[in-house]
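Reading the sequence shown from the start, the letters are residues 2 to 179 in this note's numbering.
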Amino acid sequence: MKGAIGIDIGGTKTAFGAVAPDGRIVAQRTIATQPEDSFEAGFQLITDEVEQLLSDADWQLADVSGIGVGCPGPVDYERGIILSVYTLPGWSNHAFATPLSEQFGLPVRLENDANAALLGEAIAGAAQGSKSAVMLTLGTGVGGAVLLDGRIYHGAGGAHPELGHIPVLPDGPECYCG
2 MKGAIGIDIG GTKTAFGAVA PDGRIVAQRT IATQPEDSFE AGFQLITDEV EQLLSDADWQ
62 LADVSGIGVG CPGPVDYERG IILSVYTLPG WSNHAFATPL SEQFGLPVRL ENDANAALLG
122 EAIAGAAQGS KSAVMLTLGT GVGGAVLLDG RIYHGAGGAH PELGHIPVLP DGPECYCG
């Protein structure tokens, strides 16, 4: 049976995991996210780390069924495009899933990081077996995800419910996106 690779791109760190079919983590790596880097430099760093992760897990590409990627901010999950990432300004409006898929010859799914986290919980964690769940994520930013009828809810236009985009102070600072 084949395992999977998970990548969690965060505002301060990027985590990588090689996960066996039974949910066991075979290998993991964490690197500092470089917000000042260009998308191309960051993408190269990620592909290098995936190669190292495969080596750490003692896996070949044939041992992997696919790669799942969680990224902060709005993403076009259907086309695999990072739309807007305030913590990584040079990464906005870049295709991510297709180039990564071409690099490794594997299917790649890009999701908002909160959606990816809730999906993981629904498959093998606290929400396992649940048809409905809500997740709030707190890290460099605030995010959230909703599971309805066993599926991630992506909202109108696929933009998901941006729970981190709710004003806290009516006259507070303006959001990074305007």
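The beta carbon of each residue, even a glycine, is placed where N, CA and C say it ideally should be.
Annotation for Q104: the continuous alpha helix (DSSP H) segment containing it runs 98-105. The beta carbon of L89 lies closer than 6 Å to those of P36 in the same chain, with the five residues before and after it left out.
If one requires a minimum length of 3 residues, the beta strand (DSSP E) runs lying completely within the region 11-52 are 14-20, 26-33, in chain order.
In the structure shown, A123 adopts helical secondary structure according to DSSP, grouped into three states. Under the three-state reduction of DSSP, L149 is assigned to strand. Under the 10 Å beta carbon count, N116 is surrounded by 16 or more other beta carbons and is classified as buried.
Within the same chain, and ignoring the five residues on either side of A98 in sequence, the residues whose Cβ sits closer than 8 Å to its Cβ are V70, R80, G81, I82, V109, R110, L111.
Shown here for L107: same chain residues with a beta carbon closer than 7 Å to its own, the five before and five after excluded, namely L62, V65, G67, I68 in chain order.
In the three-state scheme derived from DSSP, where H, G and I count as helix and E and B as strand, L111 is classed as strand. For D9, the beta-bridge partners assigned by DSSP are A16, G71. The alpha-carbon separation between D9 and M2 amounts to approximately 23 Å. According to DSSP, residue pairing for G4 in a beta bridge involves V65. For L119, same chain residues with a beta-carbon under 6 Å away, outside a window of 5 residues either side, are M136, A146, L148 in chain order. Counting along the chain, the unbroken beta strand (DSSP E) around T138 starts and ends at 134-139.
Contact between A42 and T13 fails: their C-beta atoms lie close to 17 Å from each other, not under 8 Å.
In the structure shown, the three-state DSSP call for D59 is coil.
In the assembly as shown, P171 is an exposed residue. Its beta-carbon has fewer than 16 other beta-carbons within 10 Å.
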